[in-house]
Amino acid sequence: MSHSDQHYLAMDLLRFTTAGSVDDGKSTLIGRLLYDSKAIFEDQLDAIERATEQRGEENLNLSLLTDGLRAEREQGITIDVAYRYFATPRRKFIIADTPGHIQYTRNMVTGASTANLAIILIDARKGVIEQTCRHSFIASLLRIPHLIVAVNKMDLVDWSESRYNEIVAQYTEFASRLEVPDIKFIPLSALHGDNVVDKSARMPWFQGGTLLYTLETVYIGSDSNLIDARFPVQTVIRPNSDEHHDFRGFAGRIAGGVFKPGDEVVAQPSGLTSRIKAIRGPDGDLPEAFAPMSVVMTLADEIDLSRGDMLVKANNPPHVSQDIEAMVCWFADKKIQPGGKYLLRHTTREARCVVKAVRYKVNINTLHKAEGDLDIGMNDIGRIQLRTAVPLLCDPYQRNRATGSFILVDEFTHATVGAGMIL
Amino acid sequence: MSSYHLTHLSQLEHEAIFVMREVAAQFERPALLFSGGKDSIVMVRLAQKAFRPAKYPFPLVHVDTGHNFPETIAFRDWLAQETGGRLIVRQVEDSIKAGRAQEETGLNPSRNALQTVTLLDTIEEFKFDACLGGARRDEEKARAKERFFSHRDEFGQWDPKNQRPELWNLFNGRKQPGEHFRVFPLSNWTEMDVWQYIARENLAIPSIYFAHQREIVNRNGMLLARSPYITLLDGEQYETKQVRYRTVGDSTCTGAVESPATTLAEIIQEVASAHQTERGTRADDKRSESSMEDRKKAGYF
Chain F
4 MSHSDQHYLA MDLLRFTTAG SVDDGKSTLI GRLLYDSKAI FEDQLDAIER
54 ATEQRGEENL NLSLLTDGLR AEREQGITID VAYRYFATPR RKFIIADTPG
104 HIQYTRNMVT GASTANLAII LIDARKGVIE QTCRHSFIAS LLRIPHLIVA
154 VNKMDLVDWS ESRYNEIVAQ YTEFASRLEV PDIKFIPLSA LHGDNVVDKS
204 ARMPWFQGGT LLYTLETVYI GSDSNLIDAR FPVQTVIRPN SDEHHDFRGF
254 AGRIAGGVFK PGDEVVAQPS GLTSRIKAIR GPDGDLPEAF APMSVVMTLA
304 DEIDLSRGDM LVKANNPPHV SQDIEAMVCW FADKKIQPGG KYLLRHTTRE
354 ARCVVKAVRY KVNINTLHKA EGDLDIGMND IGRIQLRTAV PLLCDPYQRN
404 RATGSFILVD EFTHATVGAG MIL
Chain Y
29 MSSYHLTHLS QLEHEAIFVM REVAAQFERP ALLFSGGKDS IVMVRLAQKA
79 FRPAKYPFPL VHVDTGHNFP ETIAFRDWLA QETGGRLIVR QVEDSIKAGR
129 AQEETGLNPS RNALQTVTLL DTIEEFKFDA CLGGARRDEE KARAKERFFS
179 HRDEFGQWDP KNQRPELWNL FNGRKQPGEH FRVFPLSNWT EMDVWQYIAR
229 ENLAIPSIYF AHQREIVNRN GMLLARSPYI TLLDGEQYET KQVRYRTVGD
279 STCTGAVESP ATTLAEIIQE VASAHQTERG TRADDKRSES SMEDRKKAGY
329 F
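Protein chains in written order, with my numbering: chain F, 4 to 426; chain Y, 29 to 329.
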């Protein structure tokens with residue numbers, strides 16, 4: 004592969020998550036992608052060869068590559084999300100590799116929160132099973148814009164086109180209940196490499212691209228919100244030096260939309276207005292800036308603005324509200340308590356909040372409301388109503404993942420106990 | 029018509045800057061752990077960019093084992109001065125003299141693990157509540173599980189099985205008194221990204237990264253530099269070779285690689301075609317399958 008500067012400097016970045024268990028061949032698939040794209044090094048291969056031998060196993064155990072913790076290797080399970088990196092001449096990839104069983108929801112939600120794409124693995128022998136539904140629901144709930152349904156182990160169903168079509172039909176029927184704008188299907192064999200990097204000669208009936216080709220070419224340019232201008236202030240930069248005596252810049256990461264010098268802006272929640280004087284990027288002044296850039300803005304007027312506030316455009320305000328309806332995924336042993344108080348972090352804002360009501364719990368296998376069950380515990384997903392001590396400046400999660408998401412923090416242990424998506 | 033598109037290197041840069049600003053905003057006494065190696069050099073550049081036109085609000089903290097390459101130490105002092113940073117150096121030697129750490133014995137005595145003692149003492153001395161580090165998830169398998177905001181208990185320990193989930197760009201820096209955080213803005217960078225960034229930004233780096241003539245001894249495939257801290261074994265001898273370093277750690281546990289690369293472009297070509305990970309030259313990682321995890325649990329970088 005070519006690593007000339009020009010080439011490398013023009014590459015973009017795709018973050019994806021893989022859902023499935025070892026049984027579905029997930030580790031084999033990741034191992035195949037890493038291996039065929041030269042992201043596994045000889046010393047890593049040596050190390051897992053040694054470890055495989057020590058364990059008395061026959062086939063090279065590629066899961067040892069991703070299971071980095073001692074406890075994981077001992078128990079042969081993945082406990083935590085692991086991040087993997089590889090690159091082709093077209094793209095750099097970040098894989099959030101999430102475990103299939105233990106703490107499943109917590110880890111998949113974590114991995115999915117930053118992903119542009121999810122690969123859902125289906126065992127061709129088993130077809131769409133409960134786990135497939137669970138994975139797909141979480142991908143849909145977290146608004147991952149692109150799904151690849153990888154129908155794996157095609158070698159074990161004799162590369163059968165009709166079996167593949169059956170599974171596609173099965174999944175399509177199920178997916179009508181989901182809200183994923185882009186779903187692609189690929190029949191493959193991770194073990195033998197068919198349709199992973201190289202096109203399979205054994206499935207000539209499949210006209211689509213290989214998995215890697217699809218990962219390289221899926222269009223992600225429209226994934227971030229470029230419509231609703233949102234700039235949560237992270238920190239105020241004041242040099243206190245003679246040279247920049249009056250400089251007062253507002254640093255932050257653009258959470259949506261496009262800003263230009265000269266734009267009229269409104270500070271939320273104060274409602275004060277001003278005009279953008281300049282926008283500084285990492286390399287100096289910019290003619291415009293967009294999500295997810297980290298910039299420093301200076302304003303034409305001295306207005307009160309600090310961390311937790313937000314600059315927006317006049318004709319397009321966010322919701323300003325203390326009453327929040329949200330889907331929440333729970334991470335703590337202790338169940339959500341109606342009336343319970345938590346710290347909420349949303350963009351750069353922190354607010355105390357109280358759970359006013361638990362509306363319902365979702366059965367994540369059937370996507371139905373679990374009637375009469377309002378106990379939201381570890382790894383459960385449900386709908387709640389919150390009241391915050393100060394207003395949040397937010398958008399529905401489905402419109403903007405950055406301004407529609409929050410986490411809940413236990414006031415005493417400081418642990419992150421929940422993740423929320425605003426409705 | 030502009031296309032609203034960022035290259036992957038720019039995305040990583042914007043992400044790292046966001047994380048650094050988050051540290052400045054969420055903590056009272058943050059510090060930047062600085063080794064003089066390439067990753068910490070990139071960190072300093074990102075810190076400069078994150079807070080311009082103000083100075084970056086972190087002191088540079090170096091835990092000096094006494095076994096560092098002199099080129100790295102000279103570079104460290106130069107960079108701190110060049111960027112107007114405040115440099116805090118604490119010596120492992122002092123921890124040993126004070127009886128808080130004990131020198132290893134044996135064939136390859138290394139002060140690598142002893143750094144943890146000095147580091148935790150330094151954190152306590154200055155009451156640092158967050159330490160920025162240049163570690164990357166692609167470096168090592170235990171690091172692949174690391175968070176951006178990595179919580180440490182009052183003993184400085186990492187509990188990998190009980191980490192806080194980290195979602196979206198929402199970082200939870202809440203803690204009890206006496207606890208602290210390690211924060212890793214370069215989590216999503218790879219070795220290649222770091223080199224490309226150094227090239228793009230035209231950053232100065234210590235000379236030992238470039239090919240040079242050096243006396244080395246080949247010990248179990250590791251090319252160790254001649255230094256007062258290495259004792260030759262029977263049958264071993266020094267030879268002069270053209271080498272360079274892929275990582276900069278202690279001279280006692282960091283191996284050189286034979287290389288003709290004298291420019292950044294040549295280094296990048298070499299990294300692109302490398303068959304070994306960069307930490308393949310680190311004896312400290314090879315002691316056991318979980319040596320990094322064990323050191324990190326104890327409070328290592």
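Every residue, glycine too, gets a C-beta built ideally from N, C-alpha and C.
Asked: Using DSSP's beta-bridge definition, name the partner residues of F/Asn-155.; Found: F/Asp-126
Asked: Closest Cβ-Cβ distance between Y/Gln-265 and chain F: below 8 Å?; Found: no
Asked: By the three-class DSSP mapping on this structure, what secondary structure does F/Cys-397 have?; Found: strand
Asked: Helix, strand or coil for Y/Ile-101 per DSSP?; Found: helix
Asked: Within 8 Å (strictly less), CB to CB, does Y/Leu-231 reach chain F?; Found: no
Asked: Are F/Phe-253 and F/Ile-282 closer than 8 Å when you measure CB to CB?; Found: no
Asked: Please classify Y/Gly-127: is it buried, with 16 or more other beta-carbons within 10 angstroms of its beta-carbon, or exposed?; Found: exposed
Asked: Please list the terminal residues of the continuous alpha helix (DSSP H) segment that includes F/Leu-218.; Found: 214–220
Asked: Which residue wins for smallest C-alpha separation from F/His-149, given the options F/Arg-53, F/Asn-168 and F/Val-183?; Found: F/Val-183
Asked: Which residues in chain Y have a C-beta closer than 9 Å to the C-beta of F/Ala-405? List them in chain order.; Found: Trp-196 and Asn-197
Asked: Against F/Thr-238, what residues of chain Y qualify as contacts under a CB-to-CB distance less than 7 Å, listed in chain order?; Found: Arg-49, Ala-52 and Ala-53
Asked: Please list the partners that F/Gly-380 has in chain Y, where partner means a Cβ-to-Cβ separation under 7 Å.; Found: Within chain Y, no residue comes near F/Gly-380; the closest Cβ sits about 15 Å away, beyond 7 Å.
Asked: Excluding the 5 residues flanking Y/Arg-272 on each side, which residues of the same chain have their C-beta closer than 8 Å to its C-beta?; Found: Ile-236, Tyr-237, Phe-238, Ala-239, His-240, Ala-284, Val-285, Ser-287, Ala-289 and Ile-295
Asked: Show which residues of chain F have a CB atom less than 8 Å away from the CB atom of Y/Asn-216.; Found: Tyr-86, Tyr-88 and Ile-97
Asked: Look up F/Lys-187 in the DSSP assignment and give the residues it is bridged to.; Found: F/Ile-151
Asked: Tell me whether F/Ile-97 sits in a helix, a strand or coil according to DSSP, three-state version.; Found: strand
Asked: For the beta strand (DSSP E) that F/Ala-15 lies in, which residues bound it at each end?; Found: According to the sequence as given, residue 15 of chain F is Asp; it is not Ala. Where F/Asp-15 is concerned, the enclosing beta strand (DSSP E) stretches over 15–22.
Asked: From the DSSP output, in three-state form, read off Y/Pro-58 for me.; Found: strand
Asked: At least one CB of chain F closer than 8 Å to the CB of Y/Phe-331: is that the case?; Found: What the structure shows of chain Y is the stretch from 29 to 329, and residue 331 of chain Y is not part of that stretch, so it cannot be assessed.
Asked: Is there a Cβ of chain F sitting closer than 8 Å to that of Y/Asn-246, yes or no?; Found: no
Asked: Tell me, please, whether the CB atom of Y/Thr-35 is closer than 8 Å to any CB atom in chain F?; Found: yes
Asked: Would you call F/Thr-108 buried or exposed, if buried means 16 or more other Cβ atoms sit within 10 Å of its Cβ?; Found: buried
Asked: Of the choices F/Ala-127, F/Ile-257, F/Val-154 and F/His-195, whose alpha-carbon is the least far from that of Y/Tyr-32?; Found: F/Ile-257
Asked: Let me make sure I understand the geometry here. Which of F/Met-330, F/Pro-264 and F/Thr-213 has the alpha-carbon closest to that of F/Pro-290?; Found: F/Pro-264
Asked: Go to F/Arg-137, then tell me how far its alpha helix (DSSP H) extends in each direction, as first and last residue.; Found: 133–144
Asked: Does any residue of chain Y bring its CB to less than 8 Å from the CB of F/His-6?; Found: Low confidence applies to F/His-6: its pLDDT is 45, below 50, so where it sits in the model is not reliable, and the reading given next is rough at best. Answer yes: the Cβ-Cβ gap between F/His-6 and chain Y drops below 8 Å somewhere.
Asked: What number of angstroms, rounded off, separates the C-alpha of Y/Arg-228 from the C-alpha of Y/Leu-261?; Found: 43 Å
Asked: For F/Ile-132 and F/Leu-159, what's the separation of their Cα atoms in angstroms?; Found: 17 Å
Asked: Does the segment 101–117 of chain Y come close enough to the segment 167–181 of chain Y to have 3 or more Cβ pairs within less than 8 Å?; Found: no
Asked: I believe F/Tyr-167 touches F/Val-154 by the beta-carbon criterion, under 8 Å. Please report the beta-carbon distance rounded to the nearest angstrom.; Found: 6 Å
Asked: What ranges does the alpha helix (DSSP H) occupy inside the segment 204–278 of chain F, keeping only unbroken runs of at least 4 residues that lie completely in it?; Found: 214–220
Asked: What three-state label does DSSP hand F/Gly-114 in the structure shown?; Found: helix
Asked: Measuring CA to CA, which of F/Val-269, F/Ile-125, F/Ala-193 and F/Ala-405 is closest to F/Ile-170?; Found: F/Ile-125
Asked: Which first and last residues belong to the alpha helix (DSSP H) in which Y/Ile-124 is found?; Found: 120–125
Asked: With distances taken from CA atoms, which of F/Met-14, F/Thr-351 and F/Gly-260 is nearest F/Pro-320?; Found: F/Gly-260
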